[in-house]
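Trainee:
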Amino acid sequence: MSSDHLFPSQGSTSLRATVHAWAQLVAPLSCAGCGAPDVSPCPICCVTLLRSVPRVVHHPLHVPVIAATAYAGPARRLVLMHKDRGRTSLATPLGAALGAAVRKAVVAVDGSVPAVQLVPVPSRRMNLVRRGRSTVAELAQAACRELDNGSTVESVLRVCQPLRDQVGLTADQRRRNLAGAFVASRPAHEAARGKMPVVVVDDIVTSGATSAEAVRALEASGYWVVGVAAVCGPRQR
Ligand SMILES: [Zn+2]
-6 MSSDHLFPSQ GSTSLRATVH AWAQLVAPLS CAGCGAPDVS PCPICCVTLL
44 RSVPRVVHHP LHVPVIAATA YAGPARRLVL MHKDRGRTSL ATPLGAALGA
94 AVRKAVVAVD GSVPAVQLVP VPSRRMNLVR RGRSTVAELA QAACRELDNG
144 STVESVLRVC QPLRDQVGLT ADQRRRNLAG AFVASRPAHE AARGKMPVVV
194 VDDIVTSGAT SAEAVRALEA SGYWVVGVAA VCGPRQR
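Start counting the sequence shown at -6; every next residue gets the next number (the numbering used here).
Here is the structure:
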């Protein structure tokens, strides 16, 4: 039965309003970043996210690691609501911020931004099953739309060994947990080697262990990795 049958048009305005208000009580819509009512995300959180200046995160990697903003405040809440609460509409503003980080990673001296292949870091299988989607791939697609320069998303990385949850592990433990954990499902096309730059993308970078393993796995299969970009990085000290 469609909603039109539930809400006949004749004399139904107050019924609709009542049901809408009731639905809001059961599952109220609010900004995932700041809690403002009836919008998600609110314009203030969107502008705050998009105005943040991407910065280099210092990691012992041979390619730059860029984060659009710090993992704090509304940005942190937006990422978590997108990732674990199924707020898929947040992919657009978060992906735009990710696109800005990608741009900073690859911008040429003359200011031009080449088309790149965005490779999302892979999720553990249990997380893919639990969420029913690859949240980082969603952000990568939104970043491509933001870049609007022919960049593509290539989801070629797979997890190839059992992984512990990274939460609560030290940086050393994370590195050991992730050593050899990723593999590219196909090698770089011969024609793209050394020509089509690759940027690894993620929602959050912390210790950099995940980024390092992603870069290692891609380079082992002939990909030309020029940087890592994330929505959120460590807070500035
Ligand atoms: Zn907000």
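Just so it is clear, CB atoms sit at the ideal spot from N, CA and C, and this is done for glycine as well.
My understanding is that V176 touches R138, with C-beta atoms under 8 Å, so please give their C-beta distance in whole angstroms.
Mentor: Not a contact, Cβ separation roughly 28 Å.
Trainee: Taking C-beta to C-beta, are L171 and A205 nearer than 9 Å?
Mentor: The Cβ-Cβ distance between L171 and A205 falls below 9 Å.
Trainee: The alpha helix (DSSP H) spanning P67 covers which residue range?
Mentor: Following the DSSP letters along the chain, one finds P67 inside the alpha helix (DSSP H) bounded by residues 66 to 77.
Trainee: Between the C-alpha atoms of S214 and R179, what's the straight-line distance to the nearest angstrom?
Mentor: The alpha-carbon atoms of S214 and R179 are separated by roughly 7 Å.
Trainee: Quick one: is the Cβ of P190 within less than 8 Å of any heavy atom of ligand 1?
Mentor: no
Trainee: Can you look up R48 in the DSSP assignment and give me helix, strand or coil?
Mentor: strand
Trainee: Using alpha carbons as the reference points, say which of A207, P227, I37 lies closest to L111.
Mentor: A207
Trainee: Please indicate yes or no: does the CB of P67 lie closer than 8 Å to some heavy atom of ligand 1?
Mentor: yes
Trainee: Whose C-alpha, out of L140, N120, A181, is nearest the C-alpha of P155?
Mentor: With respect to the C-alpha of P155, the residue from L140, N120, A181 having the closest C-alpha is N120.
Trainee: Considering C225, what are the terminal residues of the beta strand (DSSP E) in which it resides?
Mentor: 218 to 226
Trainee: Could you name the residues of the same chain whose beta carbon sits closer than 8 Å to that of L54, not counting the 5 residues immediately before and after it, in chain order?
Mentor: G201, S204, A205, V208, V221
Trainee: Taking all protein chains shown into account, decide if A184 is buried (16 or more other Cβ within 10 angstroms of its Cβ) or exposed.
Mentor: exposed
Trainee: Is the distance from the Cβ of A223 to the Cβ of V40 below 9 Å?
Mentor: no
Trainee: Under the criterion of a Cβ to heavy atom distance below 8 Å, does P180 qualify as lining ligand 3?
Mentor: The model depicted lacks ligand 3 and carries ligand 1 instead.
Trainee: Using CA atoms only, rank isn't needed, just tell me which of V106, R118, G173 is closest to G143.
Mentor: V106
Trainee: In chain order, what residues place their C-beta within less than 5 Å of a heavy atom belonging to ligand 1?
Mentor: C24, G26, C27, A29, C35, C38
Trainee: Which word fits V103, buried or exposed, when buried means at least 16 other C-beta atoms lie within 10 angstroms of its C-beta?
Mentor: One point to set straight first is that residue 103 is Asp, not Val, in the sequence displayed. Flag for D103 reads exposed.
Trainee: Straight-line CA distance for L87 to R123?
Mentor: 21 Å
Trainee: As a quick exercise: from V72, C225, A130, pick the residue whose alpha carbon is nearest that of C27.
Mentor: V72
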